[in-house]
Amino acid sequence: MTLYTATEEEQNLSIVPARYRGRWVMAGVVVLGVALMAYGMVTNQRFQWGTVGEYLFAAPVLAGLGNTLMLTAVSMAIGIVLGIAVAVCRLSPNPILSSAAWAYSWFFRGTPLMVQLLFWFFMAALIPKLVLGVPFGPSFFEISTNTLISPFTAAILGLSLNEGAYMGEIVRSGIRAIPVGQTEAAKAMGMTRLQTMRRVILPQAMRVIIPPTGNETIGMLKYTSLVIVIGYSELLTSVSIIYSRTFQTIPLLIVAALWYLAVTAVLSVGQYYVERHFERGFTPMKAAKALPKTAANALSKSGLPPASSASLATVSGPAEELEKAK
Amino acid sequence: MKEPIVRARDIRKSFGHLEVLKGISLDINAGEVACLLGPSGSGKSTFLRCMNHLEKIDGGQLWVQGERIGYRRSGNKLHELKEHETAKQRASIGMVFQQFNLFPHRTALENVIEGPTVVQRIPKEQAVEEGRQLLARVGLADKADHYPGQLSGGQQQRVAIARSLALKPSVMLFDEPTSALDPELVGEVLDVMRSLADSGMTMIVVTHEMGFAKEVGNVVHFMADGQLVESGDPHQVLEDPREPRTQAFLSKVLA
Numbered sequence: 001m002t003l004y005t006a007t008e009e010e011q012n013l014s015i016v017p018a019r020y021r022g023r024w025v026m027a028g029v030v031v032l033g034v035a036l037m038a039y040g041m042v043t044n045q046r047f048q049w050g051t052v053g054e055y056l057f058a059a060p061v062l063a064g065l066g067n068t069l070m071l072t073a074v075s076m077a078i079g080i081v082l083g084i085a086v087a088v089c090r091l092s093p094n095p096i097l098s099s100a101a102w103a104y105s106w107f108f109r110g111t112p113l114m115v116q117l118l119f120w121f122f123m124a125a126l127i128p129k130l131v132l133g134v135p136f137g138p139s140f141f142e143i144s145t146n147t148l149i150s151p152f153t154a155a156i157l158g159l160s161l162n163e164g165a166y167m168g169e170i171v172r173s174g175i176r177a178i179p180v181g182q183t184e185a186a187k188a189m190g191m192t193r194l195q196t197m198r199r200v201i202l203p204q205a206m207r208v209i210i211p212p213t214g215n216e217t218i219g220m221l222k223y224t225s226l227v228i229v230i231g232y233s234e235l236l237t238s239v240s241i242i243y244s245r246t247f248q249t250i251p252l253l254i255v256a257a258l259w260y261l262a263v264t265a266v267l268s269v270g271q272y273y274v275e276r277h278f279e280r281g282f283t284p285m286k287a288a289k290a291l292p293k294t295a296a297n298a299l300s301k302s303g304l305p306p307a308s309s310a311s312l313a314t315v316s317g318p319a320e321e322l323e324k325a326k
Numbered sequence: 327m328k329e330p331i332v333r334a335r336d337i338r339k340s341f342g343h344l345e346v347l348k349g350i351s352l353d354i355n356a357g358e359v360a361c362l363l364g365p366s367g368s369g370k371s372t373f374l375r376c377m378n379h380l381e382k383i384d385g386g387q388l389w390v391q392g393e394r395i396g397y398r399r400s401g402n403k404l405h406e407l408k409e410h411e412t413a414k415q416r417a418s419i420g421m422v423f424q425q426f427n428l429f430p431h432r433t434a435l436e437n438v439i440e441g442p443t444v445v446q447r448i449p450k451e452q453a454v455e456e457g458r459q460l461l462a463r464v465g466l467a468d469k470a471d472h473y474p475g476q477l478s479g480g481q482q483q484r485v486a487i488a489r490s491l492a493l494k495p496s497v498m499l500f501d502e503p504t505s506a507l508d509p510e511l512v513g514e515v516l517d518v519m520r521s522l523a524d525s526g527m528t529m530i531v532v533t534h535e536m537g538f539a540k541e542v543g544n545v546v547h548f549m550a551d552g553q554l555v556e557s558g559d560p561h562q563v564l565e566d567p568r569e570p571r572t573q574a575f576l577s578k579v580l581a
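Chains A and B are the protein sequences, given in the same order. Going by this note's numbering, the first sequence opens with residue 1, and the numbers climb by one from there. Going by this note's numbering, the second sequence opens with residue 327, and the numbers climb by one from there.
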């Protein structure tokens, strides 16, 4: 059989990519629409951009923003830790732990966040004082619930316990996405359940956990505005206090919206980097330059290190070592 | 007579109502390469997984290096060991899986040093040095910083072997180590296993590679339907099987 050789004419055939004229039309429509909106927003006096500028960096607004950021950060941090604990308990072979974790999720996902916030804030009405001591026995220490539960602590309790229930489900889905072979390999190496979780399962589960956690964080940024019901002041509360006095409702809401958008933008960038960190090993990064995309395929076809000569030659030395090890 | 490394007596195991091991008894001696053969569903992989307690046995007794696996006997009772006690037993039993099960978020070298540093708490510098030697031994010194996703199946399996060896096990279990590989990659893994056998490692290999069993194996155990049908010298069992069940299997496989 003779191999077919392409003629010079055939070798010089050039490739023209497909052209999509519809895309140019759509781009024109979109640009026109955006331009119209921008023009309207700039020229419409009722947006009161001057007032927006005036209040954007006003002290009470910045203080409110600071509170929003702190509530978000603290509640998410506690929520994530709780979520991991809840997920690990849910997946535990211990039936008490798994039912308790299930009940926790059920309760905190099943009642409105606002009701939970109010409950924490008015806890003193239910339990006037908190006591540390032997159950049904003597007490060592007691404190009035009202001293302990400030609007801030009630806000943190409400937001983080609620978040923990949602994060629990997110973490659980991440853990369950990891093939059982990973656990088996870790077990076979003599790792304990805790080591397996910390070293093998969670780092991989993070890939699945991060994107919805980003959602939760951005959601939390805005849910914090619910703490207005227990009198804690954050971004939206601060602007609402101002506009109820000056009646410049629209521009002040724009001030709040701009800050929420700015923080969300920063969070999205952060999420990108966190995602990239946990993507380690799942995308051919270093080899991407040297190797084609499907590195594994390409390697397998290039007929790799002739194990026969190379590896056998190196065997003699360590073999003795192995003998010693026995 | 020397104590066998693995001593199995009347091992029984059921999944629900399905009895997959119906009383397996065998000995595996130090330095021996024992191949477990048999049709799929015969229970050979399950039996292998019992040896490091990845599967709990329902009956019988199993010792590895004279130590009872997974249980402690007191009087007439076998008490199941706690998780950390089982973990300790497992660390001296190496295992290589059909699907490699390398940790994808760690490089080849990190995979290899994971056991020594985390389980045995060996200083990292020492673990890295030994890890590099092990990677060199399986012919992958230049792939130390590659992630499993950047390696071929054969390379991944060789890293997995190095990872098991890093814990300096006294016996290695292989669960169909070449079954998930492209045909042209099987050879490089078998080469590593052959050199391991030559170094005197005790190996128990569940495999469909008749050639390997014949060439490297010291003994072949043929299993079918949860029972040990025939044991013996690989050449005898594979070329001149006594039991009709073995003959039937081999005639299908070698046809």
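C-beta: ideal position from N, C-alpha, C; glycine also.
| task | Rounded to whole angstroms, what's the CA-CA distance from residue 545 of chain B to residue 164 of chain A? Just pull it up for me. | result | 56 Å
| query | Which chain B residues are close to residue 203 of chain A, counting only those with a beta carbon under 8 Å from its beta carbon? | reply | 431
| query | Should residue 220 of chain A go down as buried or exposed, given a rule of 16 or more other Cβ atoms within 10 Å for buried? | reply | buried
| Do residue 422 of chain B and residue 525 of chain B come within 8 Å of each other at the CB atom, strictly closer than that value? | no
| task | Keeping to the same chain, check which residues put their C-beta closer than 8 Å to that of residue 98 of chain A; ignore five residues upstream and five downstream. | result | 89, 90, 91 and 92
| query | At least one CB of chain B closer than 8 Å to the CB of residue 275 of chain A: is that the case? | reply | no
| Residues in the segment 205 to 216 of chain A having any Cβ partner in chain B nearer than 8 Å | none
| Mind checking whether residue 281 of chain A and residue 430 of chain B have CB atoms under 8 Å apart? | yes
| task | Mind checking the segment 227 to 252 of chain A against chain B and listing, in chain order, the residues whose C-beta falls within less than 7 Å of any C-beta there? | result | none
| Length of the line joining the Cα atoms of residue 118 of chain A and residue 144 of chain A | 18 Å
| query | In the structure shown, what three-state DSSP assignment does residue 498 of chain B receive? | reply | strand
| Quick one: Cα of residue 449 of chain B to Cα of residue 443 of chain B, how far? | 6 Å
| Selected residue, minimal CA-CA separation from residue 258 of chain A, among A:222, A:190 and A:113 | A:222
| field | Reduced DSSP category for residue 473 of chain B - H, G, I as helix; E, B as strand; rest coil | value | coil
| query | Does the separation of the CB atoms of residue 178 of chain A and residue 209 of chain A fall below 8 Å? | reply | no
| said: So, with DSSP's three-state summary, where would you put residue 292 of chain A? | reply: At residue 292 of chain A, the pLDDT of 41 sits below 50, so the modelled position is not reliable and the matter cannot be decided from this model.
| Considering only the beta carbon of each residue, do residue 350 of chain B and residue 477 of chain B sit closer than 8 Å? | no
| request: List the residues of chain B that residue 174 of chain A touches, going by C-beta distances under 9 Å, in chain order. | output: The contacting residues do not exist; residue 174 of chain A stays about 13 Å from chain B at best.
| field | Beta-carbon neighbours of residue 493 of chain B, restricted to chain A and to distances below 8 Å | value | 189 and 190
| query | Does DSSP put residue 204 of chain A in a helix, in a strand, or in coil? | reply | helix
| task | Give the secondary structure of residue 343 of chain B by DSSP, where H, G and I count as helix, E and B as strand, and everything else as coil. | result | coil
| Under 8 Å Cβ-Cβ, which residues of chain A neighbour residue 417 of chain B? | 189 and 190
| request: Output, in sequence order along the chain, the residues in the segment 379 to 393 of chain B whose CB is closer than 9 Å to any CB in chain E. | output: Among the protein chains in the structure shown, which are A and B, there is no chain E.
| request: Grab me the residues of residue 152 of chain A's own chain with a C-beta within less than 8 Å of its C-beta, minus the 5 sequence neighbours each way, in chain order. | output: 232
| said: Would residue 72 of chain A and residue 217 of chain A be called neighbours here (beta carbons separated by less than 8 Å)? | reply: yes
| query | Are the C-beta of residue 116 of chain A and some C-beta of chain B separated by less than 8 Å? | reply | no
| Inter-residue Cα distance where the pair is residue 5 of chain A and residue 372 of chain B | 56 Å
| query | For residue 488 of chain B versus residue 461 of chain B, is the C-beta distance shorter than 8 Å? | reply | yes
| query | Taking just the CA atoms, how far does residue 14 of chain A sit from residue 7 of chain A? | reply | 14 Å
| message | If we define contact as Cβ-Cβ less than 8 Å, is residue 293 of chain A a contact residue for chain B? | response | The pLDDT assigned to residue 293 of chain A is 41, lower than 50, so where the model puts this residue is not dependable; a value taken from the coordinates is nonetheless given after this. With 8 Å as the cut-off, residue 293 of chain A does not count as an interface residue toward chain B.
| query | Nearest-angstrom Cα distance between residue 537 of chain B and residue 277 of chain A? | reply | 45 Å
| query | In or out: residue 31 of chain A buried (at least 16 other Cβ within 10 Å) or exposed? | reply | exposed
| said: Taking the straight line between their C-alpha atoms, what separation do you get for residue 330 of chain B and residue 176 of chain A? | reply: 39 Å
| field | Status (buried if at least 16 other CB within 10 Å, exposed otherwise) for residue 53 of chain A | value | exposed
| query | By DSSP, does residue 15 of chain A sit in helix, in strand, or in coil? | reply | coil
| Which same chain residues, not among the five before or five after residue 424 of chain B, have their C-beta less than 6 Å away from its C-beta? | 501, 502, 505 and 506
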